[in-house]
Amino acid sequence: CDVVGIGTPGSLSARDGTLKNSNTTCLNGRPLHADLERRLGLRVLLENDANCFALAEARAGAGQGRAMVFGVILGTGVGGGIVHEGRIWVGPQHIAGEWGHHAIDPSGPACYCGQRGCVETMISGPALEVAYRAAGGSPATAAEVAARAAAGEPRATAVVDRYLDRFGRALANVINILDPDVVVLGGGVSRLDALYTQGREAVARYVFNDELRTPIVPNRLGDSAGVIGAALLAAQRSS
1216 CDVVGIGTPG SLSARDGTLK NSNTTCLNGR PLHADLERRL GLRVLLENDA
1266 NCFALAEARA GAGQGRAMVF GVILGTGVGG GIVHEGRIWV GPQHIAGEWG
1316 HHAIDPSGPA CYCGQRGCVE TMISGPALEV AYRAAGGSPA TAAEVAARAA
1366 AGEPRATAVV DRYLDRFGRA LANVINILDP DVVVLGGGVS RLDALYTQGR
1416 EAVARYVFND ELRTPIVPNR LGDSAGVIGA ALLAAQRSS
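Its first residue numbered 1216, the sequence shown is counted upward by one per residue in this note's numbering.
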């Protein structure tokens, strides 16, 4: 093995090669790529973790056989990756798919990226937990908040309803622009069943069409998807 693929939040600066826009903020401004190559003594392909996830699901998971796959990470942050005809589409600034930093509410919560009201501040796992506490709920994980809503707790139900509406608005914007063949959800929050029922209904309300034909599906590769995608990327680019 002479090349290693590694997925990480954020992307590399074209200006100086340091990591930027990672929600693991201690890595921002650091020469992670150079550090890894020096430490490992191997060629390193560093790619955004959501892009790695999307590649894995497009090549070997829930998006297999589809031309345009939008892979979504819903967890501690919100990320996205675009795969077209089996290859990651990154764009000239290497930021294609970064829907988590679409600012949808200029008066919304501050984001670590410097903007306010980013999608990530609205529909990440921590965002759901913060919203529940702000509504007077006791500290709870995103999964616990969703379970309380499913059990009929009024406070949790209201918070989850608003969360799903925001999910619908945000994802409809992406579908309006990309019109992908499938959207594959990953990350811890993607395990919430309501995303595929009430969440999909919210997307359908806001998409620029009278019918939502885009499948919105859970991932097939689980927590290993990002690692699989990084390995596929290394194999793809070294061949």
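Where a beta carbon is used, it is the ideal one built from N, C-alpha and C, also for glycine.
- The criterion of a C-beta distance shorter than 8 Å is not satisfied by A1325 and V1298.
- Per DSSP, reduced to three states, the secondary structure at P1307 is coil, with no helix or strand assignment.
- Following the DSSP letters along the chain, one finds E1359 in no beta strand (DSSP E) but inside the alpha helix (DSSP H) bounded by residues A1357 to A1365.
- If you keep only unbroken alpha helix (DSSP H) runs of at least 4 residues inside the segment 1277 to 1342, you get 1335 to 1338.
- Per DSSP, reduced to three states, the secondary structure at N1266 is helical.
- Exposed is the label assigned to T1412, since fewer than 16 other Cβ atoms lie within 10 Å of its Cβ.
- Here G1383 carries a helix assignment [DSSP, helix/strand/coil].
- Considering only T1356, R1415 and C1333, the residue with the shortest C-alpha distance to P1341 is T1356.
- Taking a contact to require three or more Cβ pairs closer than 8 Å, the segment 1218 to 1236 and the segment 1257 to 1269 qualify as touching.
- DSSP places V1418 in the uninterrupted alpha helix (DSSP H) bounded by Q1413 to Y1421.
- Judged by DSSP secondary structure, G1441 falls within the alpha helix (DSSP H) whose first and last residues are A1440 to S1453.
- One Cα belongs to P1369, the other to D1250, and the distance between them is close to 50 Å.
- Beyond the five residues adjoining it in sequence on each side, Y1347 comes within less than 7 Å, by CB distance, of A1355, V1360, A1371 and V1374 in the same chain, given in chain order.
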